[in-house]
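I have placed the structure first, in the form of structure tokens, so that the comments after it can refer back to it.
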Amino acid sequence: MIRIKDLVKTFDDSTVLDGVTLDVNAGEIVTVLGASGSGKSTLIRCINGLERPSGGTITVDGNDVTTKAGLAASRRISATVFQLFNLYPHMTALGNITLAPVEVLGKSKAEAEEQARALLAKVGLAGHADKYPQQLSGGQRQRVGICRALAMQPRYILLDEVTSALDPETTGEVLDILQKLATEATTMVFVTHEVAFARSISTRIVFMEAGKLLVDMPTEEFFAENGGLAVPRIRQFLSQIRKD
Amino acid sequence: MRFADFTPFDLVLLAQGLGVSLALFLTTTVAGLLLGLGFAVVHHFRFPFVNPLIVAVTEALKNSPVLVQLFLVFFGIPALMQIRMTPASAAFITLSLNTAAFAFVIIRAGIESIDRDQIDAAEAFGLRRIQILRRVIGPQALAFSIGPIVGILVNQLQVTSLISVIGVFDLTKIGNILNLRTLEPFIVWAVIGSIYYVCAKILAHSGARLERRIRRSYAWGEV
């Protein structure tokens, strides 16, 4: 379980996260919605330790991510998919996927490669194992990014606006894969702007506004007239998205 | 035949001089690149106090004449520390440090040119800093650095000629000797210059090939 309590993150003078408390239980798919700049990505970056919290606590299965040992343990059981893919340009798709399993989990190269090929086949990239990121389209790169996360066999997957850099068509490719994952009971924290998709896969939706959690509701309740839609800010946000 | 004429033995002298120049160039290149790489790695890990020291030393080496550095090592250090210093060791120390200073600057720039996003990813996947340096930053920094390093080495090859002034019998010193004997400066210095030229061309050419090979083996960037 990921437990976030009273999380505060400030950069110089600005407060990006202002007392966020959130629990994510195993098997849940929690979508984080909110306008750009509301702190969603920073929340993910605090969970995976790329940003150090200014206050509050985060534990992943009891491992405190603000300690060195806790962070190392937490990173072995959680994996991140990034908005801009963040692939290693000097490595093939296969190399990107096998790096962490070999270096961090201590798997043999052969075992890691076999697993990577199976993952690539699963996301429809069987013939692309030896291609470099520059030889792949955006959607293909993000699918490699997803394989890279899955190769760690993580209990938790953190997805940081993974379709924001893609066009509508390739967004579909990536969402299809996430849909598959959702049915496999992987625990996910999903930061996104894809409201319709979030509605279809999430068990819970939290809405962030100016660094605070405005609401935290089961998906059905969030979209109900007397639930989330009763909150003026959420109604406004959703109507804006629909206009787009 | 006059005493001052060129003789076939002069070719042996030239070959010996060339051998000394190349040996010095190769040993100082290896030592200098290793030391420069060491500086860059230490700098990357931001040890307190060490970084400013490395930067200060390399800046001093880059921004003062090699000839002055050579005099400092050959005359200055023995005087200060009451030790003996042979011309060959003074030449080796000075040129190695000088190559190290330039290698440091280039490799450091290579390391710092790597996009932050990839390092974030590697960190988030739990790789330790040394693993990130070795597997993610290193190979890309190498591809970035190889061209500029070859450029510096071509220059350092020419710089080896300075050691003739402290009495090392390198190619330039042999030129000096032949010149004094034959009093044919135009022929002597044209020949000496051509030998350096050919060596530099061979070096630059093999460096370019090596760079192409490294880039091709990574294949990124030229789809």
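Top line first, the protein sequences correspond to chains A and B.
Counting in our numbering, the first sequence runs from 54 upward without gaps.
Counting in our numbering, the second sequence runs from 116 upward without gaps.
Ideal placement from N, C-alpha and C gives every residue a C-beta, glycine not left out.
In the structure shown, residue 133 (chain A) adopts extended strand secondary structure according to DSSP, grouped into three states.
In the same chain as residue 155 (chain A), and ignoring 5 residues on each side of it, the C-beta atoms closer than 7 Å to its own belong to 162 and 165, in chain order.
When only Cα atoms are considered, residue 223 (chain A) and residue 134 (chain A) end up about 16 Å apart. Per the coordinates, the alpha-carbon of residue 225 (chain B) lies some 9 Å from the alpha-carbon of residue 261 (chain B). A distance below 6 Å between beta-carbons, with the five flanking residues on each side excluded, links residue 265 (chain A) to the following residues of its chain, in chain order: 71. Using a Cβ-Cβ cut-off of 7 Å, residue 238 (chain B) is close to 103 of chain A, given in chain order.
When 7 Å is used as the limit between beta carbons, residue 133 (chain A) is near these residues of chain B: 239, in chain order. Out of B:235, B:131, B:160 and B:173, the CA that lies nearest to the CA of residue 213 (chain A) is found in B:235.
For residue 157 (chain A), the C-beta contacts it makes with chain B under 9 Å involve 240, 241, 242, 243 and 246, in order along the chain.
The beta carbon of residue 153 (chain A) falls within 7 Å of a beta carbon belonging to chain B, placing the residue at that interface. Residue environment for residue 302 (chain B): exposed (fewer than 16 other C-beta atoms within 10 angstroms of its C-beta). Judged by their CB atoms, residue 146 (chain A) and residue 184 (chain A) are nearer to each other than the 7 Å cut-off. Along the length of the region 229–285 of chain A, whole alpha helix (DSSP H) runs at least 4 residues long occupy 248–254 and 272–275, reported in chain order. Taking 7 Å as the CB threshold, residue 137 (chain A) lines the interface with chain B. Think of a sphere of 7 Å around the beta carbon of residue 128 (chain A): the chain B residues whose beta carbon falls inside it are 239, 240 and 241, in chain order. For a cut-off of 8 Å, the C-beta gap from residue 252 (chain A) to residue 272 (chain A) is around 6 Å, short enough to register as a contact. Pairing residue 108 (chain A) with residue 261 (chain A) gives a Cβ-Cβ distance that is not under 7 Å. Between the region 202–212 of chain B and the region 147–159 of chain B, the count of C-beta pairs closer than 8 Å reaches three or more; the two stretches touch. Between the region 186–195 of chain B and the region 236–254 of chain B, the count of Cβ pairs shorter than 8 Å is below three; the stretches do not touch. When 7 Å is used as the limit between beta carbons, residue 241 (chain A) is near no residue of chain B, the shortest such separation being about 15 Å. Taken in chain order, the whole beta strand (DSSP E) runs of length 3 or more contained in the region 221–259 of chain B number zero.
By the Cβ neighbour-count rule, residue 174 (chain B) is exposed, with fewer than 16 other Cβ atoms within 10 Å of its own. When C-alpha distances from residue 92 (chain A) are compared across A:82, A:78 and A:60, the shortest belongs to A:60.
By the Cβ neighbour-count rule, residue 236 (chain A) is exposed, with fewer than 16 other Cβ atoms within 10 Å of its own.
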